[in-house]
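Per numbering that gives the first Met the number 0, the sequence shown starts with residue 0, numbered consecutively. Positions of the beta carbon are idealized from the N, C-alpha and C atoms, including for glycine. Comments concern the structure below.
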Amino acid sequence: MAEKPQKILRINDLSVDFRSEDGHVHAVRNVNLYVRQGKTLGIVGESGCGKSVTVRSILWLHNIKETKVKGEILFTKRSGEQVDIAQMSLAELQQIRGNEISMIFQDPMTSLNPVVKVGVQVAEALEKHQKLGRREAKERTIELFRKVGIRSAARRFDQYPHEFSGGMQQRIMIAMALACNPSILLADEPTTALDVTIQAQVLKSIKELQAQTGMAIIFITHNLGVVAHLCDDVTVMYAGQVVEYATTRDLFAAPLHPYTQALLKTIPRLGMEQKKLEVIEGMPPSLKKEITGCAFAPRCTQCMEKCKTQAPSVRISADGSRMVRCHAAQI
Ligand SMILES: Nc1ncnc2c1ncn2[C@@H]1O[C@H](COP(=O)(O)OP(=O)(O)OP(=O)(O)O)[C@@H](O)[C@H]1O
Ligand SMILES: [Mg+2]
């Protein structure tokens with residue numbers, strides 16, 4: 000039997016609170032999830048359910064003064080050493096950021112410096128993390144540009160971000176993210192802003208690069224069609240919690256949580272106009288208040304009396320491969 004891929008990242012009991020002028024936001028509540036080496040984990044859920052905050056926690060991309068983070072973020076480094084990112088100093092974290100773990104965002108222009116040539120931006124990352132000389136870094140950047148599907152890569156090296164289309168800018172971001180051969184790529188809706196054809200091309204490139212490099216990916220998306228196409232495993236989030244975790248195959252074959260079942264009915268397909276998943280009746284609860292009972296109860300078609308008063312505990316399947324947080328679900 001083939002060996003099960005190792006869990007390269009494991010988040011244990013992560014909670015993130017933001018302090019703001021008008022009170023606390025409990026954005027992420029006791030989240031557990033893991034990512035298998037070389038595999039893609041999708042994170043889905045409606046707007047505001049804590050997907051970005053969870054993933055940003057992995058690299059500590061929070062304003063430390065306003066944010067309280069609890070929990071463990073266990074990561075296996077290239078060296079084989081397991082570290083808890085939540086306990087790291089900033090200096091240690093900087094060794095990992097953009098090197099062993101990289102991130103790409105929805106809008107590439109927020110990450111690209113508009114006044115620096117794109118090639119130089121990628122080459123600088125290589126010089127810094129890989130300790131390459133200038134010439135070597137340039138050669139490797141051009142090679143990376145080719146790999147992510149940028150044509151005339153040598154000429155493009157000397158151009159500025161505004162000379163590229165949105166899809167091409169996102170490819171530059173991917174090249175930058177991949178420059179140091181990360182073990183994990185965090186992708187926060189990287190294709191949502193692109194038109195559907197370009198979106199499909201960028202997704203295809205990401206998949207090909209994963210096959211070549213063996214990196215793991217965490218992919219946040221509103222689009223369950225993208226999950227079906229790209230992800231091995233899926234985490235479904237609702238109101239700051241993970242409500243279901245399964246392999247993509249199991250999740251699509253038999254969704255256990257009523258929220259997942261509702262989400263699956265809203266699938267926009269790849270190639271169709273992108274819609275946010277807001278067609279489930281009602282709204283998610285405010286994350287500023289404590290939630291009594293199950294957070295999904297007010298919208299749930301299978302709601303029972305106890306769902307209104309008792310928070311469901313996590314149920315795990317006998318083989319440990321799937322998890323659901325629901326009183327009604329059979330696992
Ligand atoms: N810096 C912050 N300060 C206060 N609240 C925040 C901050 N960042 C996020 N939040 C809140 O935390 C909750 C979770 O936000 P998050 O960005 O993770 O949602 P999301 O699932 O990524 O949504 P979307 O699909 O719209 O990107 C939201 O209620 C959001 O308003
Ligand atoms: Mg988000």
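Using the Cα positions of residue i and residue j, report the straight-line distance between them to the nearest angstrom.
i	j	result
residue 105	residue 189	4 Å
residue 305	residue 296	10 Å
residue 246	residue 320	7 Å
residue 57	residue 280	32 Å
residue 52	residue 15	8 Å
residue 298	residue 187	27 Å
residue 127	residue 178	11 Å
residue 182	residue 328	35 Å
residue 180	residue 98	7 Å
residue 60	residue 249	32 Å
residue 184	residue 330	31 Å
residue 276	residue 130	The pLDDT assigned to residue 276 is 45, lower than 50, so where the model puts this residue is not dependable, and the model offers no usable value.
residue 194	residue 163	15 Å
residue 123	residue 133	8 Å
residue 125	residue 111	15 Å
residue 209	residue 100	14 Å
residue 254	residue 42	15 Å
residue 233	residue 256	13 Å
residue 21	residue 39	37 Å
In the structure shown, what three-state DSSP assignment does residue i receive?
i	result
residue 291	coil
residue 70	strand
residue 359	Since the first residue shown for the chain is 0 and the last is 330, residue 359 is missing from the structure and cannot be characterised.
residue 65	helix
residue 233	strand
residue 298	helix
residue 77	coil
residue 243	strand
residue 324	coil
residue 277	Confidence at residue 277 is low in this model, with a pLDDT of 46, below 50, so the placement of that residue should be treated as unreliable; the coordinate-derived value is given next. The answer is coil: DSSP assigns residue 277 none of H, G, I, E or B.
residue 25	strand
residue 217	strand
residue 30	strand
residue 14	strand
residue 315	strand
Ignore the nearest five residues each way along the sequence and tell me which others in residue i's own chain have a CB closer than 8 Å to its CB.
i	result
residue 251	227, 263
residue 326	293, 303, 305, 306, 309, 311
residue 212	177, 180
residue 66	15, 16, 17, 18
residue 5	35, 36, 75
residue 137	118, 122, 156
Spatial neighbours of residue i within its chain, please: C-beta separation below 7 Å, excluding the five flanking residues on both sides.
i	result
residue 44	50, 235, 236, 237
residue 143	121, 174, 177, 178
residue 284	238, 290, 294
residue 192	105, 106, 165
residue 31	10, 11, 12, 241
residue 317	none
Out of the options, which has the shortest C-alpha to C-alpha gap to residue i?
i	options	result
residue 113	74, 168, 78, 149	168
residue 354	221, 172, 212, 315	Look at the range of the chain in this structure, 0 to 330, and you will see that residue 354 is not part of it.
residue 176	254, 255, 95, 313	95
residue 259	288, 282, 223, 286	223
residue 202	84, 229, 216	229
residue 109	161, 219, 286	161
residue 153	141, 147, 159	141
residue 300	206, 151, 261	261
residue 146	220, 159, 91, 204	204
residue 24	68, 39, 244, 215	68
So, for residue i: in the same chain, excluding its five sequence neighbours on each side, which residues have a beta-carbon less than 6 Å away from its beta-carbon?
i	result
residue 198	190
residue 12	29, 70
residue 75	7, 81
residue 240	28
residue 314	323, 330
residue 33	6, 9
Runs of alpha helix (DSSP H) wholly within the stretch 88-171 (minimum 4 residues, chain order): At a cut-off of 4 residues, the continuous stretches assigned as alpha helix (DSSP H) that sit fully inside the stretch 88-171 are 89-95, 117-129, 133-146, 152-155.
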